[in-house]
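Here the structure comes first, spelled out in C-alpha coordinates, and everything after it is commentary.
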Amino acid sequence: MSRWLWRGAALVTALIAASTAGALLLRASWQAQSARELEIRMPSGIDEGAFVPIGGIEQWVHIRSEDRANPALLILHGGPGGSLSALVAVFRDWEKHFTVVQWDQRGSGKTFTRNGAAGQGELSIERMTQDGIAVVEHLRERLDQPKILIVGLSWGTVLGVQMAKRRPDLLRAYVGTGQVVDKDEKEKRIYADLIAKARAAGDAEALAALEAIGTPPFRSYDDLLIQRKWSLRYDVASERELESKLRPLVLASPHH
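Printed below as a string of C-alpha coordinates:
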(Lines of atoms letter the chains of each structure in order from A and count residues from 1; the text may use other names and numbers.)
(Lines give C-alpha, C1' and ligand atoms only; values in the text may rest on other atoms or scores of the structure.)
Protein backbone atom coordinates (compact mmCIF):
# COMPACT_ATOMS: atom_id res chain seq x y z
CA MET A 1 0.00 0.00 0.00
CA SER A 2 2.85 2.35 0.87
CA ARG A 3 4.43 1.77 -2.55
CA TRP A 4 1.18 2.70 -4.32
CA LEU A 5 0.81 5.81 -2.20
CA TRP A 6 4.32 6.89 -3.14
CA ARG A 7 3.62 6.25 -6.82
CA GLY A 8 0.35 8.18 -6.60
CA ALA A 9 2.06 11.11 -4.89
CA ALA A 10 4.81 11.10 -7.50
CA LEU A 11 2.24 11.11 -10.30
CA VAL A 12 0.33 14.02 -8.77
CA THR A 13 3.60 15.95 -8.30
CA ALA A 14 4.56 15.31 -11.92
CA LEU A 15 1.15 16.48 -13.15
CA ILE A 16 1.36 19.65 -11.07
CA ALA A 17 4.88 20.35 -12.37
CA ALA A 18 3.79 19.78 -15.97
CA SER A 19 0.76 22.01 -15.52
CA THR A 20 2.86 24.76 -13.93
CA ALA A 21 5.47 24.55 -16.69
CA GLY A 22 2.73 24.74 -19.32
CA ALA A 23 1.19 27.80 -17.67
CA LEU A 24 4.58 29.53 -17.47
CA LEU A 25 5.30 28.78 -21.13
CA LEU A 26 1.88 30.15 -22.10
CA ARG A 27 2.49 33.30 -20.09
CA ALA A 28 5.92 33.72 -21.67
CA SER A 29 4.25 33.52 -25.09
CA TRP A 30 1.71 36.19 -24.06
CA GLN A 31 4.51 38.41 -22.77
CA ALA A 32 6.49 38.07 -26.00
CA GLN A 33 3.43 39.01 -28.07
CA SER A 34 2.69 41.95 -25.77
CA ALA A 35 6.30 43.14 -26.04
CA ARG A 36 6.01 43.22 -29.82
CA GLU A 37 2.73 45.16 -29.67
CA LEU A 38 4.12 47.66 -27.15
CA GLU A 39 7.45 48.23 -28.88
CA ILE A 40 8.26 51.88 -29.54
CA ARG A 41 9.77 51.93 -33.05
CA MET A 42 9.95 55.67 -33.73
CA PRO A 43 13.50 57.13 -33.64
CA SER A 44 12.23 59.99 -31.47
CA GLY A 45 10.43 57.62 -29.09
CA ILE A 46 11.30 56.59 -25.56
CA ASP A 47 10.72 53.44 -23.50
CA GLU A 48 12.68 53.80 -20.30
CA GLY A 49 12.03 52.15 -16.97
CA ALA A 50 14.33 52.76 -14.02
CA PHE A 51 14.52 53.03 -10.25
CA VAL A 52 14.96 56.68 -9.28
CA PRO A 53 16.07 57.95 -5.84
CA ILE A 54 12.91 59.63 -4.51
CA GLY A 55 12.32 60.54 -0.87
CA GLY A 56 15.16 58.39 0.46
CA ILE A 57 14.24 55.17 -1.36
CA GLU A 58 14.42 53.90 -4.93
CA GLN A 59 11.08 54.24 -6.73
CA TRP A 60 10.08 52.84 -10.11
CA VAL A 61 9.43 55.33 -12.93
CA HIS A 62 8.56 54.14 -16.46
CA ILE A 63 8.52 56.65 -19.34
CA ARG A 64 6.98 55.77 -22.72
CA SER A 65 6.13 57.81 -25.82
CA GLU A 66 6.32 57.68 -29.60
CA ASP A 67 7.96 61.11 -29.39
CA ARG A 68 9.79 62.15 -26.24
CA ALA A 69 9.01 65.80 -27.13
CA ASN A 70 5.30 65.15 -26.52
CA PRO A 71 3.91 66.81 -23.36
CA ALA A 72 4.89 64.70 -20.34
CA LEU A 73 1.92 63.23 -18.47
CA LEU A 74 2.43 61.68 -15.03
CA ILE A 75 -0.16 59.12 -13.90
CA LEU A 76 -0.90 59.21 -10.14
CA HIS A 77 -2.37 55.78 -9.54
CA GLY A 78 -5.06 54.88 -7.03
CA GLY A 79 -5.11 52.62 -4.02
CA PRO A 80 -3.00 53.38 -2.12
CA GLY A 81 -1.16 50.40 -3.60
CA GLY A 82 -2.91 50.35 -6.98
CA SER A 83 0.09 50.45 -9.31
CA LEU A 84 -0.80 50.71 -13.02
CA SER A 85 2.67 50.01 -14.39
CA ALA A 86 1.60 46.51 -15.49
CA LEU A 87 -1.18 48.08 -17.57
CA VAL A 88 0.88 50.16 -19.99
CA ALA A 89 -1.13 48.56 -22.82
CA VAL A 90 -4.20 50.50 -21.64
CA PHE A 91 -2.37 53.76 -22.30
CA ARG A 92 -0.80 52.75 -25.64
CA ASP A 93 -2.90 55.17 -27.73
CA TRP A 94 -2.06 58.02 -25.33
CA GLU A 95 1.63 57.56 -26.18
CA LYS A 96 1.02 59.00 -29.66
CA HIS A 97 0.18 62.38 -28.10
CA PHE A 98 1.83 62.35 -24.66
CA THR A 99 4.94 61.08 -22.97
CA VAL A 100 3.17 58.84 -20.45
CA VAL A 101 4.85 58.21 -17.11
CA GLN A 102 3.90 55.40 -14.74
CA TRP A 103 5.19 55.88 -11.19
CA ASP A 104 4.93 53.07 -8.63
CA GLN A 105 4.40 55.00 -5.40
CA ARG A 106 6.01 53.79 -2.18
CA GLY A 107 4.17 50.68 -1.00
CA SER A 108 3.20 49.79 -4.58
CA GLY A 109 4.36 47.64 -7.47
CA LYS A 110 8.07 47.50 -8.26
CA THR A 111 8.86 50.12 -5.63
CA PHE A 112 7.44 47.80 -2.98
CA THR A 113 9.33 44.82 -4.40
CA ARG A 114 12.59 46.77 -4.54
CA ASN A 115 12.49 48.05 -0.96
CA GLY A 116 10.52 45.34 0.85
CA ALA A 117 7.73 45.84 3.33
CA ALA A 118 10.06 47.24 5.98
CA GLY A 119 11.85 49.58 3.59
CA GLN A 120 9.00 51.77 2.36
CA GLY A 121 9.54 54.51 4.91
CA GLU A 122 6.73 56.79 6.07
CA LEU A 123 3.39 56.16 4.32
CA SER A 124 1.54 59.44 4.66
CA ILE A 125 -0.15 61.99 2.43
CA GLU A 126 2.57 64.52 3.28
CA ARG A 127 5.46 62.17 2.47
CA MET A 128 3.89 60.91 -0.77
CA THR A 129 2.97 64.42 -1.91
CA GLN A 130 6.64 65.32 -1.53
CA ASP A 131 7.51 62.18 -3.51
CA GLY A 132 5.17 63.24 -6.31
CA ILE A 133 6.74 66.69 -6.52
CA ALA A 134 10.20 65.06 -6.63
CA VAL A 135 9.06 62.81 -9.50
CA VAL A 136 7.85 65.89 -11.40
CA GLU A 137 11.21 67.57 -10.81
CA HIS A 138 12.97 64.44 -12.11
CA LEU A 139 10.82 64.40 -15.25
CA ARG A 140 11.43 68.09 -15.96
CA GLU A 141 15.16 67.41 -15.99
CA ARG A 142 15.06 64.02 -17.72
CA LEU A 143 12.74 65.15 -20.52
CA ASP A 144 13.88 68.78 -20.66
CA GLN A 145 10.31 70.05 -20.20
CA PRO A 146 9.58 73.01 -17.90
CA LYS A 147 6.10 71.83 -16.92
CA ILE A 148 4.37 68.45 -16.53
CA LEU A 149 0.74 67.32 -16.79
CA ILE A 150 -0.54 65.19 -13.92
CA VAL A 151 -3.60 62.90 -13.92
CA GLY A 152 -4.83 61.57 -10.58
CA LEU A 153 -7.06 58.52 -10.25
CA SER A 154 -9.02 57.98 -7.01
CA TRP A 155 -6.38 58.00 -4.24
CA GLY A 156 -4.06 59.67 -6.77
CA THR A 157 -6.38 62.69 -6.74
CA VAL A 158 -5.47 63.26 -3.08
CA LEU A 159 -1.82 63.58 -4.06
CA GLY A 160 -2.60 65.50 -7.25
CA VAL A 161 -4.58 68.24 -5.51
CA GLN A 162 -1.83 68.69 -2.90
CA MET A 163 0.87 68.79 -5.59
CA ALA A 164 -1.07 71.36 -7.61
CA LYS A 165 -1.66 73.55 -4.54
CA ARG A 166 1.96 73.51 -3.49
CA ARG A 167 3.79 73.70 -6.81
CA PRO A 168 1.50 75.04 -9.56
CA ASP A 169 4.62 76.47 -11.20
CA LEU A 170 5.71 72.92 -12.14
CA LEU A 171 2.44 71.88 -13.79
CA ARG A 172 0.78 72.41 -17.17
CA ALA A 173 -2.49 71.15 -15.69
CA TYR A 174 -4.01 68.80 -13.12
CA VAL A 175 -6.81 66.39 -14.09
CA GLY A 176 -8.68 64.32 -11.50
CA THR A 177 -10.88 61.29 -12.18
CA GLY A 178 -12.68 59.50 -9.37
CA GLN A 179 -11.88 62.67 -7.45
CA VAL A 180 -11.81 62.28 -3.66
CA VAL A 181 -13.95 65.09 -2.23
CA ASP A 182 -15.48 64.00 1.09
CA LYS A 183 -14.21 60.59 2.17
CA ASP A 184 -16.37 60.34 5.30
CA GLU A 185 -19.56 61.12 3.38
CA LYS A 186 -18.57 58.65 0.66
CA GLU A 187 -18.11 55.84 3.21
CA LYS A 188 -21.52 56.55 4.77
CA ARG A 189 -23.21 56.36 1.37
CA ILE A 190 -21.39 53.15 0.42
CA TYR A 191 -22.43 51.59 3.74
CA ALA A 192 -26.08 52.63 3.36
CA ASP A 193 -26.23 51.32 -0.23
CA LEU A 194 -24.63 48.04 0.84
CA ILE A 195 -27.09 47.55 3.69
CA ALA A 196 -29.97 48.17 1.24
CA LYS A 197 -28.59 45.63 -1.25
CA ALA A 198 -28.01 42.99 1.42
CA ARG A 199 -31.53 43.53 2.82
CA ALA A 200 -33.08 43.28 -0.64
CA ALA A 201 -31.17 40.03 -1.23
CA GLY A 202 -32.24 38.59 2.13
CA ASP A 203 -28.56 38.20 3.02
CA ALA A 204 -28.77 37.69 6.78
CA GLU A 205 -25.05 36.92 7.16
CA ALA A 206 -24.00 40.16 5.43
CA LEU A 207 -26.54 42.21 7.39
CA ALA A 208 -25.35 40.82 10.71
CA ALA A 209 -21.69 41.54 9.90
CA LEU A 210 -22.41 45.05 8.63
CA GLU A 211 -24.71 45.99 11.51
CA ALA A 212 -22.06 44.75 13.97
CA ILE A 213 -19.46 47.26 12.68
CA GLY A 214 -21.99 50.10 12.56
CA THR A 215 -22.23 53.21 10.40
CA PRO A 216 -18.95 54.91 9.37
CA PRO A 217 -16.63 56.35 10.49
CA PHE A 218 -15.39 52.88 11.41
CA ARG A 219 -13.69 52.22 14.71
CA SER A 220 -10.81 50.30 13.15
CA TYR A 221 -9.23 49.29 9.85
CA ASP A 222 -10.54 45.76 10.46
CA ASP A 223 -14.09 47.14 10.38
CA LEU A 224 -13.35 48.81 7.04
CA LEU A 225 -12.10 45.48 5.67
CA ILE A 226 -15.34 43.79 6.79
CA GLN A 227 -17.32 46.39 4.86
CA ARG A 228 -15.08 45.91 1.80
CA LYS A 229 -15.46 42.13 2.00
CA TRP A 230 -19.25 42.32 1.69
CA SER A 231 -19.03 45.12 -0.84
CA LEU A 232 -17.21 42.71 -3.17
CA ARG A 233 -20.23 40.40 -3.13
CA TYR A 234 -22.42 43.18 -4.48
CA ASP A 235 -19.98 44.70 -6.97
CA VAL A 236 -21.77 45.89 -10.09
CA ALA A 237 -21.39 43.77 -13.22
CA SER A 238 -19.50 46.48 -15.11
CA GLU A 239 -16.71 46.52 -12.50
CA ARG A 240 -16.32 42.74 -12.69
CA GLU A 241 -16.30 42.91 -16.48
CA LEU A 242 -13.56 45.54 -16.34
CA GLU A 243 -11.51 43.36 -13.99
CA SER A 244 -11.84 40.39 -16.35
CA LYS A 245 -10.48 42.53 -19.19
CA LEU A 246 -7.56 43.91 -17.20
CA ARG A 247 -6.36 40.65 -15.64
CA PRO A 248 -5.00 39.21 -18.94
CA LEU A 249 -3.13 42.48 -19.60
CA VAL A 250 -1.41 42.22 -16.21
CA LEU A 251 -0.43 38.58 -16.87
CA ALA A 252 0.91 39.50 -20.32
CA SER A 253 2.92 42.53 -19.16
CA PRO A 254 6.47 42.13 -20.52
CA HIS A 255 7.79 44.45 -17.80
CA HIS A 256 6.72 42.25 -14.87
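So in our numbering, the last one in the sequence shown is 256, and the numbering has no gaps at all. We put the beta carbon where it would ideally sit given N, CA and C, even for glycine. A quick note: this is a predicted structure, and the numbers were derived from the prediction, not measured.
Exposed or buried, residue i, counting other C-beta atoms within 10 Å across all chains shown (16 or more means buried)?
i: residue 33; result: exposed
i: residue 19; result: exposed
i: residue 64; result: buried
i: residue 216; result: buried
i: residue 236; result: exposed
i: residue 54; result: buried
i: residue 56; result: exposed
i: residue 198; result: buried
i: residue 66; result: buried
i: residue 78; result: buried
i: residue 44; result: exposed
Between the beta-carbon of residue i and the beta-carbon of residue j, is there less than 8 Å?
i: residue 72; j: residue 145; result: yes
i: residue 206; j: residue 230; result: yes
i: residue 89; j: residue 38; result: yes
i: residue 180; j: residue 151; result: no
i: residue 110; j: residue 60; result: yes
i: residue 114; j: residue 51; result: yes
i: residue 76; j: residue 160; result: yes
Residue i: which of the options sits nearest, CA to CA?
i: residue 124; options: 155, 209, 174, 20; result: 155
i: residue 118; options: 49, 97, 127, 107; result: 107
i: residue 251; options: 60, 157, 26; result: 26
i: residue 279; options: 213, 69, 75; result: Beyond the ends of the chain as shown, which are 1 and 256, falls residue 279; an answer cannot be given.
i: residue 104; options: 58, 122, 4, 237; result: 58
i: residue 147; options: 127, 171, 166; result: 171
i: residue 247; options: 84, 225, 185; result: 84
i: residue 167; options: 135, 143, 153; result: 135
i: residue 169; options: 153, 140, 176; result: 140
i: residue 153; options: 177, 133, 132; result: 177
i: residue 100; options: 217, 197, 74, 195; result: 74
i: residue 256; options: 49, 213, 98, 116; result: 49
i: residue 133; options: 185, 164, 122, 45; result: 164
i: residue 174; options: 149, 195, 15, 162; result: 149
Tell me where the beta strand (DSSP E) around residue i begins and ends.
i: residue 153; result: 148-153
i: residue 135; result: Note, residue 135: premise wrong, no beta strand (DSSP E); alpha helix (DSSP H) at 125-143.
i: residue 172; result: 171-177
i: residue 72; result: 72-76
i: residue 102; result: 99-103
Assuming residue i is part of the alpha helix (DSSP H), what are its boundary residues?
i: residue 112; result: 109-115
Quiz prompt | Contained alpha helix (DSSP H) runs [length at least 4] in the segment 197-255, N- to C-terminal order | solution = 204-213, 221-233, 237-252
Exercise. Could I get the ranges of all uninterrupted beta strand (DSSP E) runs contained in the segment 17-64, with 3 residues as the minimum, in chain order?
Key: 46-54
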